[in-house]
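Report on the following structure.
There are 2 protein chains.
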Amino acid sequence: MKIAVDIMGGDHAPEELIKGAVAAAEHNPSLELILVGSEEVFQKFLPVLPPRIERLYSHSVMAMDEPVDHLRKKKDSSIYLATSLVREGKADAIVSAGSTGAQMAAAVLLIGRIKGVRRPAIVIPYPTLEGDKVMLDGGANPDATVENLVDFAILGNAYAKHLLKIENPSVKLLSNGTESHKGTAVIVEAHQRLAATKCLSFDGNIEGRDMMKGGYDVVVCDGFSGNVALKLTEGVASALFKLVKDEITATLPRKIGAALIKPGLMNLRKRLDYSNQGGAPLLGVNGISIICHGSSKAIAIEHAIVTAANCVERDFIHHLADAVSAYTAEQSKEVVK
Amino acid sequence: MKIAVDIMGGDHAPEELIKGAVAAAEHNPSLELILVGSEEVFQKFLPVLPPRIERLYSHSVMAMDEPVDHLRKKKDSSIYLATSLVREGKADAIVSAGSTGAQMAAAVLLIGRIKGVRRPAIVIPYPTLEGDKVMLDGGANPDATVENLVDFAILGNAYAKHLLKIENPSVKLLSNGTESHKGTAVIVEAHQRLAATKCLSFDGNIEGRDMMKGGYDVVVCDGFSGNVALKLTEGVASALFKLVKDEITATLPRKIGAALIKPGLMNLRKRLDYSNQGGAPLLGVNGISIICHGSSKAIAIEHAIVTAANCVERDFIHHLADAVSAYTAEQSKEVVK
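So the sequence lines, in the order shown, correspond to chains C and R.
The working numbering applies: residue 17 is where the first sequence begins, and numbers increase by one.
The working numbering applies: residue 17 is where the second sequence begins, and numbers increase by one.
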């Protein structure tokens with residue numbers, strides 16, 4: 017199996033990307049990798065290629081905040097070239113920690129969408145007291161329609177089932193109240209549609225205050241609220257760590273106390289650290305494109321490459337396509353009735 | 017000055033509402049209060065009225081999750097009767113911790129809107145590392161239009177200026193990125209309008225991750241995202257307290273450490289405790305209606321009554337009306353050009 021890795025994108029590119037890829041190849045003898053990056057980067061950081069690692073030179077990078085439409089002009093960019101490898105059948109999957117918008121655009125342009133999916137979505141691992149849950153869309157579709165939200169639910173459900181191996185995932189809809197009439201007009205209608213389908217187990221609305229408690233597997237939301245919710249969670253956690261630190265070191269007894277509990281706090285910090293997370297596939301495109309958090313370190317990149325391999329092995333794209341067509345079939349029956 | 021208090025609404029009604037009102041009257045000799053509640057409640061909890069406290073009997077309550085349109089049939093409910101006192105000039109302001117939807121509906125129905133305001137908004141005190149900031153809308157308008165968002169900005173700015181006495185408030189717009197092109201179509205257009213007006217200091221978009229850091233005075237958002245953001249902040253904070261507690265008591269040295277830092281953690285918890293906060297006025301209605309958090313205890317109710325008195329003393333409604341008409345005037349000049 018061959019996996020393409022864009023080593024030019026992300027806050028810690030290229031070193032951490034290269035380290036992660038080299039470790040993944042070393043630890044997984046069945047993997048072959050194609051690293052995509054500039055000649056200078058290879059000369060400086062990886063002059064000699066380790067076993068089962070190839071390279072492909074790129075000549076530009078899609079910057080983190082660069083308008084996505086530049087992609088069409090940057091056909092020599094690392095993300096364009098890496099995604100092209102999947103299109104051409106030279107790689108089975110692609111992994112990147114660069115601009116999410118550019119990765120999404122490259123995937124839609126070069127690999128295309130799964131039949132029946134109007135807009136692909138970004139899956140976000142959302143940290144809860146019970147461990148990570150699935151949240152989507154994480155930011156690709158700020159203006160999601162009712163149909164988009166239903167698609168996200170179908171895709172997220174299939175992701176939880178076939179990749180996370182959860183038998184009957186509990187799917188929730190993010191809203192400003194648990195009652196079915198709460199939310200924007202779009203949310204209220206999406207709630208009705210999700211309650212009506214037999215293609216997944218819809219467990220109603222979830223409020224912001226219950227997100228971190230767990231008790232669900234998948235949360236569906238538009239890309240705007242999803243992105244606000246995710247970044248808010250990161251921000252609140254980091255502000256609270258600062259507050260806790262300030263409060264517990266304000267007096268001498270507390271300083272001693274703080275020293276004693278430091279290992280516990282470090283554990284906690286690690287549990288919430290996005291830089292260790294392993295990425296998630298773009299859901300709805302017709303191939304495997306794994307999105308990593310921009311702040312990913314080597315260990316996260318290694319995990320993401322393993323996730324990519326799992327997706328390929330488990331024939332994940334076929335499962336997704338089956339789930340979408342099952343829903344489409346259910347809908348056309350409804351219309352016939 | 018007379019202030020009406022609905023003692024029937026809120027998680028801790030009626031006891032904490034009554035305690036808070038009695039304390040407010042005791043501590044503020046210039047205040048007169050009219051408590052609105054059922055005869056049974058007065059008989060049980062306040063058989064003898066303290067000085068400067070009157071009572072008005074109500075015969076029903078708008079429940080927390082009751083559809084707002086029931087209000088028209090419940091003209092004997094505590095929130096309807098308390099708001100009517102303001103309409104009839106028998107009270108200068110009304111304070112409630114009951115159903116926010118019902119309080120908003122009663123205010124719009126009985127007191128009306130400020131001229132030029134299409135939809136009133138709920139102000140939420142948002143906790144940051146620098147202290148509380150102003151967030152609106154907190155949930156009254158899930159489907160906010162561009163015009164609604166601009167109104168919220170004008171109202172929030174006037175609130176920060178005239179009630180919180182901040183000279184030149186920094187106003188931000190909640191979005192999924194700091195760049196002006198990020199957000200839903202509505203957010204992107206609202207950004208352009210806010211950047212164009214001279215009626216306030218617009219400081220661009222703010223992301224979820226920066227909300228708790230501070231560095232602003234007012235955050236404008238639609239009621240859906242605002243409500244999700246607020247409840248998420250509460251939920252993340254309470255989940256993290258649980259995590260911190262679990263981590264720091266996992267081993268004996270940590271248990272000792274935990275005992276030493278307990279006062280610090282209690283301080284911290286208090287800083288983030290909504291049940292101590294003092295409520296905020298509904299912005300955009302043509303009279304003072306103070307909304308308290310449903311979990312308000314006596315101290316919060318006392319603070320809310322003082323806030324109501326401040327609003328009346330500072331002629332807050334006139335300041336709001338002036339701000340709205342200044343913006344309307346600026347807009348009609350734009351059209352003439």
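All residues carry an ideal CB built from backbone N, CA and C; glycine is no exception.
Among the residues of its own chain, which have a CB less than 7 Å from the CB of residue i, if the five just before and after it don't count?
{"i": "Ala324 of chain R", "result": "Ile19, Ala109, Val111, Ile304 and Ile306"}
{"i": "Glu55 of chain C", "result": "Tyr73"}
{"i": "Gly132 of chain R", "result": "Val340, Ser341 and Thr344"}
{"i": "Glu31 of chain C", "result": "Phe61"}
{"i": "Thr194 of chain R", "result": "Gly220, Asn221 and Glu223"}
{"i": "Thr161 of chain C", "result": "Val202"}
So which of the options has the shortest CA-CA distance to residue i?
{"i": "Gly239 of chain C", "options": "C:Phe168, C:Ala296 and C:Arg88", "result": "C:Phe168"}
{"i": "Lys313 of chain C", "options": "C:Asp22, C:His28 and C:Val21", "result": "C:His28"}
{"i": "Arg135 of chain R", "options": "R:Val150, R:Pro158 and R:Ser115", "result": "R:Pro158"}
{"i": "His335 of chain R", "options": "R:Ala245, R:Lys188, R:Tyr175 and R:Leu51", "result": "R:Tyr175"}
{"i": "Lys90 of chain R", "options": "R:Leu125, R:Gly105 and R:Val57", "result": "R:Leu125"}
{"i": "Ala345 of chain C", "options": "C:Ala137, C:Thr213 and C:Ala255", "result": "C:Thr213"}
{"i": "Asn192 of chain R", "options": "R:Gln208, R:Ile222 and R:Gly273", "result": "R:Ile222"}
{"i": "Met282 of chain C", "options": "R:Ala266, R:Pro279 and R:Ala123", "result": "R:Ala266"}
{"i": "Ile23 of chain R", "options": "R:Met17, R:Ala113 and R:Gln119", "result": "R:Ala113"}
{"i": "Asp226 of chain R", "options": "C:Asn243, C:Cys237 and C:Val235", "result": "C:Asn243"}
{"i": "Gly365 of chain R", "options": "R:Val234, R:Arg71 and R:Gly295", "result": "Here chain R has residues from 17 to 353 only, and residue 365 of chain R is not among them."}
{"i": "Lys181 of chain C", "options": "C:Met17, C:Lys349, C:Gly53 and C:Arg330", "result": "C:Arg330"}
{"i": "Met17 of chain R", "options": "R:Lys35, R:His43 and R:Glu48", "result": "R:Glu48"}
{"i": "Glu350 of chain C", "options": "C:Gly172, C:Ile315, C:Arg209 and C:Gly300", "result": "C:Arg209"}
{"i": "Gly224 of chain R", "options": "C:Val236, C:Ala253 and C:Lys198", "result": "C:Ala253"}
{"i": "Leu165 of chain C", "options": "C:Ala206, C:Lys177 and C:Leu298", "result": "C:Ala206"}
{"i": "Lys298 of chain C", "options": "C:Ile315, C:Asp92, C:Arg88 and C:Pro141", "result": "Position check: residue 298 of chain C holds Leu in this sequence, whereas Lys was assumed. Closest by alpha carbon: C:Pro141."}
{"i": "Gln347 of chain C", "options": "C:Glu163, C:Asp153, C:Leu33 and C:Arg71", "result": "C:Glu163"}
{"i": "Val322 of chain R", "options": "R:Leu33, R:Asn44 and R:Lys177", "result": "R:Asn44"}
{"i": "Ile203 of chain C", "options": "C:Val236, C:Ala123 and C:Gly310", "result": "C:Val236"}
{"i": "Ser93 of chain R", "options": "R:Gln119, R:Gly105 and R:Glu104", "result": "R:Gln119"}
What are the start and end residues of the alpha helix (DSSP H) that includes residue i?
{"i": "Gly25 of chain C", "result": "It is not in any alpha helix (DSSP H) - Gly25 of chain C carries neither H nor E in the DSSP assignment."}
{"i": "Gly251 of chain C", "result": "Gly239 to Ile264"}
{"i": "Met151 of chain R", "result": "Note, Met151 of chain R: premise wrong, no alpha helix (DSSP H); beta strand (DSSP E) at Gly147 to Leu152."}
{"i": "Val38 of chain R", "result": "Glu31 to His43"}
{"i": "Glu55 of chain R", "result": "Glu55 to Phe61"}
{"i": "Ser318 of chain C", "result": "The sequence shown places Glu at residue 318 of chain C, not Ser. Taken as a continuous stretch (DSSP letters only), the alpha helix (DSSP H) holding Glu318 of chain C covers Ala314 to Glu329."}
{"i": "Ala163 of chain R", "result": "First, the amino acid is wrong: residue 163 of chain R is Glu here, not Ala. Run containing Glu163 of chain R: Val162 to His178, per the alpha helix (DSSP H) assignment."}
{"i": "Tyr232 of chain R", "result": "Careful: Tyr232 of chain R lies outside any alpha helix (DSSP H) and carries neither H nor E."}
{"i": "Arg103 of chain R", "result": "Ser94 to Arg103"}
{"i": "Leu72 of chain C", "result": "No alpha helix (DSSP H) holds Leu72 of chain C; the beta strand (DSSP E) holding it covers Ile69 to Tyr73."}
{"i": "Ala118 of chain R", "result": "Thr116 to Leu126"}
In the DSSP assignment, find the beta strand (DSSP E) that holds residue i and state where it starts and stops.
{"i": "Asn221 of chain C", "result": "Ser217 to Ile222"}
{"i": "Ile304 of chain C", "result": "Ile304 to Ile307"}
{"i": "Ser186 of chain C", "result": "Ser186 to Leu190"}
{"i": "Ile203 of chain C", "result": "Unbroken run through Ile203 of chain C is the alpha helix (DSSP H), Ala201 to Ala212; no beta strand (DSSP E)."}
{"i": "Ile140 of chain C", "result": "Ile140 to Thr144"}
{"i": "Ala109 of chain R", "result": "Ala109 to Ser112"}
{"i": "Ala156 of chain R", "result": "Here Ala156 of chain R belongs to no beta strand (DSSP E), and DSSP marks it neither H nor E."}
{"i": "Ala296 of chain R", "result": "Ala296 to Leu299"}
Spatial neighbours of residue i within its chain, please: C-beta separation below 8 Å, excluding the five flanking residues on both sides.
{"i": "Val102 of chain R", "result": "Ala20, Asp108, Ala109, Ile110, Leu126, Ile127, Gly303, Ile304 and Ser305"}
{"i": "Gly273 of chain C", "result": "Ile264"}
{"i": "Pro66 of chain R", "result": "Val38, Ala41 and Glu42"}
Whose C-beta lies closer than 6 Å to the C-beta of residue i among residues of the same chain, with five residues either side of it excluded?
{"i": "Gly117 of chain C", "result": "Val84"}
{"i": "Lys271 of chain C", "result": "Thr265"}
Can you tell me whether residue i sits near the ligand NAD, meaning its C-beta is under 7 Å from at least one heavy atom of the ligand?
{"i": "Leu51 of chain R", "result": "Among the components of this structure there are no ligands whatsoever, and the ligand NAD is therefore not found."}
Taking a Cβ distance cut-off of 8 Å, strictly less, list which residues of the segment 150 to 181 of chain C are near chain R, in chain order.
Gly155, Pro158 and Asp159
Taking 8 Å as the cut-off, does the segment 339 to 348 of chain R touch the segment 53 to 70 of chain R (at least 3 CB pairs, one atom from each stretch)?
Fewer than three beta-carbon pairs drawn from the segment 53 to 70 of chain R and the segment 339 to 348 of chain R are found closer than 8 Å, and the two stretches are therefore not classed as touching.
So if I threshold CB-CB distances at 9 Å, which residues from the segment 248 to 270 of chain C count as touching chain R?
Leu248, Thr249, Glu250, Gly251, Val252, Ala253, Ser254, Ala255, Leu256, Phe257, Lys258, Leu259, Val260, Asp262, Glu263, Ile264, Thr265, Ala266, Thr267, Pro269 and Arg270
Taking 8 Å as the threshold, find out whether the segment 224 to 231 of chain R comes into contact with the segment 130 to 149 of chain R through three or more Cβ pairs.
yes
Chain-ordered residues of the segment 90 to 116 of chain C with a beta carbon less than 8 Å from chain R:
none
Residues of the segment 200 to 212 of chain R with a CB closer than 7 Å to any CB of chain C: list them in chain order, please.
Thr200 and Ala201
Are three or more beta carbon pairs between the segment 174 to 193 of chain C and the segment 213 to 227 of chain C nearer than 8 Å?
yes
Beta carbons nearer than 7 Å to chain R: which residues of the segment 211 to 237 of chain C have them?
Glu223, Gly224, Arg225, Asp226, Met227, Met228 and Lys229
Are three or more beta carbon pairs between the segment 78 to 88 of chain C and the segment 250 to 267 of chain C nearer than 8 Å?
no
Segment contact, 8 Å Cβ cut-off, at least three pairs: the segment 39 to 53 of chain C with the segment 90 to 99 of chain C:
yes
What residues in the segment 331 to 342 of chain R have a beta carbon less than 8 Å from any beta carbon of chain C?
none
Just by C-beta distance, which residues in the segment 47 to 64 of chain R are closer than 7 Å to chain C?
none
To be precise: take each residue of the segment 134 to 149 of chain C, compare its Cβ to all Cβ atoms of chain R, and keep it if any distance is under 8 Å. Which residues remain?
Thr144 and Leu145
Give me the subset of the segment 182 to 194 of chain R whose CB atoms are less than 7 Å from a CB atom of chain C, sorted by chain position.
For the segment 182 to 194 of chain R, which is checked against every Cβ of chain C, the residues closer than 7 Å are Leu190 and Asn192.
Could you name the residues of the segment 300 to 329 of chain C whose beta carbon sits closer than 9 Å to any beta carbon of chain R, in the order they occur along the chain?
none
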